[in-house]
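In terms of my numbering, the sequence shown opens at residue 591 and continues consecutively. All C-beta atoms, glycine included, are put in the ideal place defined by N, C-alpha and C. Report on one structure; see the data block that follows.
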Amino acid sequence: EYNFRFLTLGEGTGGRPVPEDVYDPCYDYEGEIGQRCVGILPLWWRAILFPDEPTTAVFSWLGDKCQNLPQELQHYKAGCFRSIGFVAATTQDADASLIEQSCRAASAGKDNFLQCMFYASVGVQNKSDIETGLSVCKRLSAEDQPACEYYVSSVPLI
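Dropping the structure here:
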């Protein structure tokens, strides 16, 4: 099964060590499996490299790694930023302002920022309730709020 839990779970170690090439485990996978692998990278990097509560600098580092995925993994970039949103949702105590700051620190452009915020809102909704998830959406522009609200209402976090 390709759920890649081996990256973040390990017997007595807290997870698989991150190699010099931080993208290493994902080069061998394509399609949906490749997307899952890239999607878990920020969770793995955060768990192994930054086990304490992440700071703005940590989110910036995660975003830089997602932004600069190697060419053969570039088409999975959105999933990488979605995963950063999940990290923000699970580490920022459902504080919409802190989640927004984290996603902004991670994102160089609007599309990446929205991917991060949309999935952070779903993560918060799963952790708390729909109203708390929607509070993350309220940090977005009026133009982007409906799409975020759709994610909170309709998209299960996998």
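For residue i, the three-state DSSP class (helix, strand or coil)
i: residue 744; result: helix
i: residue 699; result: coil
i: residue 717; result: helix
i: residue 688; result: helix
i: residue 645; result: coil
i: residue 625; result: helix
Sequence-distant residues of the same chain with beta carbon closer than 7 Å to residue i, five excluded per side
i: residue 704; result: 734
i: residue 670; result: 628, 629, 631, 632, 656, 659
i: residue 722; result: 684, 714, 715
Spatial neighbours of residue i in its chain, beta-carbon cut-off 6 Å, leaving aside the 5 residues before and after
i: residue 726; result: 686, 689, 710, 711, 714
i: residue 676; result: 709, 713
i: residue 657; result: 698
i: residue 738; result: 708, 711, 727, 730
i: residue 695; result: 646, 649, 650
Between the CA atoms of residue j and residue i - distance to the nearest angstrom
i: residue 719; j: residue 608; result: 34 Å
i: residue 655; j: residue 645; result: 16 Å
i: residue 623; j: residue 634; result: 16 Å
i: residue 717; j: residue 610; result: 33 Å
i: residue 639; j: residue 619; result: 23 Å
i: residue 693; j: residue 625; result: 20 Å
i: residue 637; j: residue 605; result: 8 Å
i: residue 674; j: residue 684; result: 14 Å
i: residue 665; j: residue 724; result: 28 Å
Burial state of residue i, where buried means 16 or more other Cβ atoms lie within 10 Å
i: residue 679; result: buried
i: residue 741; result: buried
i: residue 700; result: exposed
i: residue 682; result: buried
Own chain, CB closer than 8 Å to residue i, minus 5 neighbours either side, in chain order
i: residue 612; result: 631, 635, 655
i: residue 743; result: 720
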